[in-house]
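Let me begin by presenting the structure, written as structure tokens, before commenting on it.
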Amino acid sequence: MISILDELGPQIKTIVNGYNISKHVLHVRGDDRGGLYRFKLKSSKSVVAKLWKLRDVKEDLKSFLHLSNGWREWKAHSYLYRKGLKVPEPLEFFIIKSDSGEKWECLIVEDLGNTQKSLVYLKDLVEKKAEIEIEKFENELIKSTKRILDLGLIDIDHQFNNFVVDEDGNIIRIDFECVRRYLFYYKKAERDYTQMLARFVIGHIYAVQPEIFRTEEFVKKLYKKVKLNTKQKEIIQRKVNFMLEQQYKSSGIRSDILLPD
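If you read the sequence shown in the working numbering, its first letter stands for residue 935, the second for the next number, and so on.
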């Protein structure tokens, strides 16, 4: 039986050797660090490959120990898929070498086809005043967030643009390389937990502003579902204030919000 590596290996080899064939490219990271590529299998089914370049001995060692971004994403992605979260089906993970001996991690996942990022999707719903659809959409995002947390995972990159909506209206979570599991509570776990929720909230603000009252109601629903003490809510408020200040400095858009207690 021919594996995905056997079938796609030559095409991926072309890319890791420095030839980014434009028809395959979905996204390329800076500094030749990898990216996202779409490939068609002989069965005519298409898949997406995510590549990470192992740039030095430290990254090579982390990969060997299964602590690299690629390995972490493969493990978290596979775990969430097995637990029933709506994610692209993870298909295969392997290491591939370029002709010059450079090592690359490669994750192959289901191709979702044409999708829309959740921030844009929600913004469109707000412009249409589609209140029933907005509530349903927000509830699904909160449900997915709670499910990830209930499974013991924290993702500091838990942002709106890591949820996409496919052509059938399904809300699907993508991109798991920042997911971590903390078996015990300690300072870093709290820092990452509050960062995760603050980033989630700020994405909602970006989608609905200037109608910030929508975020206030959204956060009320979120706080009813996830476990937060007073101190953690205060930390999230500070983090959100900081990100809004950064928005003001970069774009001139001023938004202020007082999150619920």
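All residues carry an ideal CB built from backbone N, CA and C; glycine is no exception.
In this text, all values refer to a predicted model and were calculated from it rather than measured experimentally.
Query: Looking only at its chain, what residues have a beta carbon closer than 6 angstroms to the beta carbon of residue 1177, apart from the 5 residues adjacent to it on each side?; Result: 1136
Query: Hey, would you say residue 1098 sits closer than 8 angstroms to residue 1050, going by beta carbons?; Result: yes
Query: Taking DSSP's pairing of strands, which residues face residue 968 in a bridge?; Result: 986
Query: Could you give the DSSP three-state label for residue 978: helix, strand or coil?; Result: coil
Query: Which residues does DSSP list as the beta-bridge partners of residue 1107?; Result: 1097
Query: State yes or no: is the C-beta of residue 1193 within less than 8 angstroms of the C-beta of residue 1174?; Result: yes
Query: Below 8 angstroms on the Cβ atoms is my contact criterion, and I expect residue 988 with residue 947 to pass it. Report the Cβ-Cβ distance as a whole number of Å.; Result: That pair is no contact at about 16 angstroms.
Query: According to DSSP, simplified to helix, strand and coil, what is residue 940?; Result: helix
Query: If you pair each beta-carbon of the region 1098-1113 with each one of the region 1142-1150, do three or more pairs fall below 8 angstroms?; Result: no
Query: Could you tell me which residues DSSP puts in a beta bridge with residue 1024?; Result: 1043
Query: State buried or exposed for residue 1182, treating a residue as buried only when at least 16 other CB atoms are found within 10 Å of its CB.; Result: exposed
Query: Per DSSP, which one or two residues make a beta bridge with residue 1049?; Result: 1100
Query: Find out if the Cβ-Cβ distance for the pair residue 980, residue 1045 is shorter than 8 angstroms.; Result: yes
Query: Work out the CA separation of residue 1022 and residue 1004 for me, nearest whole Å.; Result: 16 angstroms
Query: Given that a residue counts as buried once 16 or more other Cβ atoms are within 10 Å of its Cβ, and exposed if not, what is residue 1017?; Result: exposed
Query: If we call anything under 8 angstroms between Cβ atoms a contact, is residue 1092 one with residue 1134?; Result: yes
Query: Quick check on the burial criterion: 16 or more other C-beta atoms within 10 angstroms. Buried or exposed for residue 952?; Result: exposed
Query: Hey, residue 1080 and residue 1159: beta-carbon distance below 8 angstroms or not?; Result: yes
Query: Determine the direct distance from the alpha carbon of residue 1068 to that of residue 1096, and round the result to whole angstroms.; Result: 18 angstroms
Query: Buried or exposed: which applies to residue 1089, given that a residue is buried once 16 or more other Cβ atoms fall within 10 Å of its Cβ?; Result: buried
Query: Of the residues 977, 1052, 973, 1127, which one's Cα is nearest the Cα of residue 1163?; Result: 1127
Query: In this structure, how does DSSP classify residue 1037 when only helix, strand and coil are distinguished?; Result: strand
Query: Determine whether the beta carbon atoms of residue 985 and residue 950 lie at a separation below 8 angstroms.; Result: yes
Query: Which residues does DSSP list as the beta-bridge partners of residue 962?; Result: 969
Query: By alpha-carbon positions, which one of 1143, 1171, 1172 ends up nearest to residue 1059?; Result: 1143
Query: Could you say which of 1082, 1124, 954 lies nearest to residue 1170 if we only look at CA atoms?; Result: 1124
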